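Asker: Below are the structure tokens for one structure; questions will follow.
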């Protein structure tokens, strides 16, 4: 029971950090530019596919560096030549544009790489068990994922809070107009933030591809969860995104591991259980089956109690 | 130094400025007066490129109308907004640092200069901008724009909501700035400091300039004062 809890927690943390890699970029982009980027998860998918393709010619490790750079460059181009032009038509136009980009990327991926999932494997050197508890092994690759995510965050946190560029970005989050009037090239700052956010999403794809699967639907699968995380954490808040990511990561992972249903819980508490009757299905549904719904239930709850999200300043 | 001719400005379809003409010469403090809503703030925002404008705005010989705000700021035009726009999560020192256009090339003003002029700001150097009082934020926002080493600074109602003592401090700061060679275009509603420190002034009404002259001319002209300035 203890190993189950520990493994659930660890797996939850890994998933949570992955979610944070995706949600941090998304929440920053929303905070600065007011754009809800539907194509964000598409950059995640491109990261995985680029790494898979690059991995055929170069090794996993150069691909780990190159793929996010390629995705980031693509993101910057999308901002510079797409989003920036659409900006003057308003937020709805921007949303539709990013939605279009998302659909486009999904179709192009299928055209280039085909529909079946790709066997994008973790590098052999990381294919061992980091430690074992009872019968379960915690793969070293997951430890690696955690390490990369934490490392990236410490680096970004340092840049954000201690460099002049980071200060400019912080100020542009609240007063982009004033930052421009002080002489800083705010449009270029937007492009850089969009590019870095996309590169982060791509990096998440590079390291998650082997674990979560590399297939054309991968953007859709994670896309909505990332939105839930960002809304719960509060649009524009990095702290909120961090806490919400870890919370949802742990909740989702733990729930899937819990094969409990209302019926078995009631029985173990000694309460009478009616095997037949109209509500019998409800008794038999397990938490594991309900797990995918949990983030959305939490979302509805948070929106009812606190519409700006946990740390947000704008109404969602 | 600043030569504005026939400036029209628009908020969407609303035509706010109807051909504003004014100029600020080197070393001058010029005030832009008028009641609320006549277009004083809009004028300086249009000069700064923040509002859609048509007409001619020449700064130090170059036509700048139509350029984006950051490009205009880089030409040496400074702007201090009415609501101060302090970066609340950044410290006083960090706010001032962001005023500088180049991290390594300081201009006429250094951060130590600012702290010497305002020991209060120095004491709060590492406190977040959001916790400063109104008067301190006003000093900070003017100093922050100065850190960008502008040749001409446009300031929108710096004394609004300030106690008389602080109003005098602002007047003192503006005079000091002008003595160091920075020209000033001051938008004000209160006549007090505008009349004492300006060399020339303009009065606006209904989106146009309706009077131009020296402070003495305005003081002697009851008609203009009654029609365009007093409530």
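Chains as they are written, first to last, in our numbering: chain A, 1 to 316; chain B, 317 to 547. We put the CB at the ideal spot given by N, CA and C, even for glycine. Everything numeric in this text was worked out from a predicted model, so none of it was measured.
Where does residue 296 (chain B) fall in DSSP's three states?
Answerer: Only positions 317 to 547 of chain B appear in the structure, and residue 296 (chain B) is not among them; the question remains open.
Asker: With a Cβ-Cβ cutoff of 8 Å, do residue 320 (chain B) and residue 346 (chain B) count as a contact?
Answerer: Their beta carbons are not under 8 Å apart, which means residue 320 (chain B) does not touch residue 346 (chain B) by this criterion.
Asker: Which of the three DSSP states, helix, strand or coil, is assigned to residue 316 (chain A)?
Answerer: In this prediction, residue 316 (chain A) has a pLDDT of 44, which is less than 50 and means its spatial position is unreliable; what the coordinates show is noted afterwards. DSSP places residue 316 (chain A) in coil when its eight states are reduced to three.
Asker: Say whether the region 68-80 of chain A touches the region 202-210 of chain A, bearing in mind that this needs 3 or more beta-carbon pairs closer than 8 Å, one atom from each stretch.
Answerer: Yes, the region 68-80 of chain A touches the region 202-210 of chain A.
Asker: Would you list, in sequence order, the uninterrupted alpha helix (DSSP H) runs of no fewer than 4 residues that lie entirely inside the region 77-161 of chain A?
Answerer: Segments of the alpha helix (DSSP H) lying fully in the region 77-161 of chain A: 91-113.
Asker: Determine the burial state of residue 289 (chain A): buried for a count of at least 16 other Cβ atoms within 10 Å of its Cβ, exposed for fewer.
Answerer: By the neighbour-count rule (16 or more Cβ atoms within 10 Å), residue 289 (chain A) is not buried but exposed.
Asker: If I'm right that residue 317 (chain B) touches residue 341 (chain B) with Cβ under 8 Å, what's the distance once you round it to whole angstroms?
Answerer: Residue 317 (chain B) to residue 341 (chain B), Cβ: 6 Å. Contact.
Asker: Counting only C-beta atoms, is residue 412 (chain B) closer than 8 Å to chain A at any point?
Answerer: Chain A contact via Cβ: absent.
Asker: In whole angstroms, what separates the C-alpha of residue 228 (chain A) from that of residue 479 (chain B)?
Answerer: About 48 Å.
Asker: Could you give the first and the last residue of the continuous alpha helix (DSSP H) run that contains residue 303 (chain A)?
Answerer: 294-305 is the span of the alpha helix (DSSP H), which, as asked, contains residue 303 (chain A).
Asker: Using beta carbons (cut-off 8 Å, strictly below), is residue 395 (chain B) in contact with chain A?
Answerer: Yes, residue 395 (chain B) counts as interfacial toward chain A.
Asker: Taking the alpha-carbon positions, what's the residue 368 (chain B) to residue 111 (chain A) distance?
Answerer: Answer to the nearest angstrom: the Cα atoms are 45 Å apart.
Asker: Taking 8 Å as the threshold, find out whether the region 206-213 of chain A comes into contact with the region 28-42 of chain A through three or more Cβ pairs.
Answerer: No: fewer than three Cβ pairs fall under 8 Å.
Asker: Tell me which residues of the region 170-186 of chain A have at least one Cβ-Cβ distance to chain B shorter than 8 Å, keeping chain order.
Answerer: Answer set for the region 170-186 of chain A: 170, 171, 174, 175, 177, 178, 179, 180, 181, 182, 183, 184, 185, 186.
Asker: Assuming contact is defined by CB atoms lying nearer than 8 Å, are residue 386 (chain B) and residue 185 (chain A) in contact in what I supplied?
Answerer: Against a cut-off of 8 Å, the Cβ pair of residue 185 (chain A) and residue 386 (chain B) comes out as a contact.
Asker: Which ranges does the beta strand (DSSP E) cover as unbroken runs of at least 3 residues, wholly within the region 478-541 of chain B, from first to last along the chain?
Answerer: Correct list: 499-503, 516-521, 524-529.
Asker: For residue 469 (chain B), list the residues DSSP reports as bridge partners.
Answerer: In the DSSP output, where bridge partners are listed per residue, residue 469 (chain B) has B:394, B:500.
Asker: For a contact meaning CB atoms closer than 8 Å, what does residue 404 (chain B) contact in chain A?
Answerer: Neighbours of residue 404 (chain B) on chain A, chain order: 174.
Asker: From the DSSP secondary-structure annotation, give me the bridge partner or partners of residue 318 (chain B).
Answerer: Answer is B:340, B:375, bridged to residue 318 (chain B).
Asker: If you measure between the beta carbons of residue 500 (chain B) and residue 509 (chain B), is that distance less than 8 Å?
Answerer: Not in contact: residue 500 (chain B) and residue 509 (chain B) (Cβ atoms no closer than 8 Å).
Asker: May I have the straight-line CA-CA distance separating residue 487 (chain B) from residue 43 (chain A), to the nearest angstrom?
Answerer: Roughly 54 Å between the two C-alpha positions.
Asker: With a threshold of 8 Å, are at least 3 pairs of Cβ atoms found where one atom belongs to the region 434-454 of chain B and the other to the region 346-363 of chain B?
Answerer: Contact between the region 434-454 of chain B and the region 346-363 of chain B is absent, because fewer than three Cβ pairs lie under 8 Å.
Asker: Beta-carbon separation of residue 354 (chain B) and residue 474 (chain B) under 8 Å?
Answerer: Going by C-beta atoms, residue 354 (chain B) is not nearer than 8 Å to residue 474 (chain B).
Asker: Can you tell me where the alpha helix (DSSP H) with residue 10 (chain A) in it begins and where it stops?
Answerer: Run containing residue 10 (chain A): 2-33, per the alpha helix (DSSP H) assignment.
Asker: Beta-carbon of residue 95 (chain A) versus every beta-carbon of chain B: anything under 8 Å?
Answerer: So, not an interface residue.
Asker: Thinking C-alpha only, which one of A:230, A:236, A:98 is nearest residue 246 (chain A)?
Answerer: When only C-alpha atoms are compared, the closest one is A:230.
Asker: By the 10 Å Cβ neighbour count, where 16 or more other Cβ atoms means buried, how is residue 293 (chain A) classified, buried or exposed?
Answerer: Counting Cβ neighbours within 10 Å, residue 293 (chain A) comes out exposed, since fewer than 16 surround it.
Asker: Given that a residue counts as buried once 16 or more other Cβ atoms are within 10 Å of its Cβ, and exposed if not, what is residue 530 (chain B)?
Answerer: Exposed.
Asker: Bridge partners for residue 345 (chain B) per DSSP, in chain order?
Answerer: Paired residues: B:500.
Asker: Is it a yes or a no for the region 146-161 of chain A touching the region 373-384 of chain B, going by three-plus beta-carbon pairs under 8 Å?
Answerer: Cβ pair count under 8 Å is below three, so no.
Asker: Measure the C-alpha to C-alpha separation of residue 394 (chain B) and residue 484 (chain B) and round it to an integer number of angstroms.
Answerer: Whole-angstrom Cα-Cα distance: 22 Å.
Asker: Assuming the contact rule is C-beta atoms closer than 8 Å, residue 14 (chain A) and residue 145 (chain A) should be a hit. Round their C-beta distance to whole Å, please.
Answerer: Right, their Cβ atoms sit about 5 Å apart.
Asker: Could you tell me whether the Cβ of residue 443 (chain B) comes closer than 8 Å to any Cβ of chain A?
Answerer: No, residue 443 (chain B) does not count as interfacial toward chain A.
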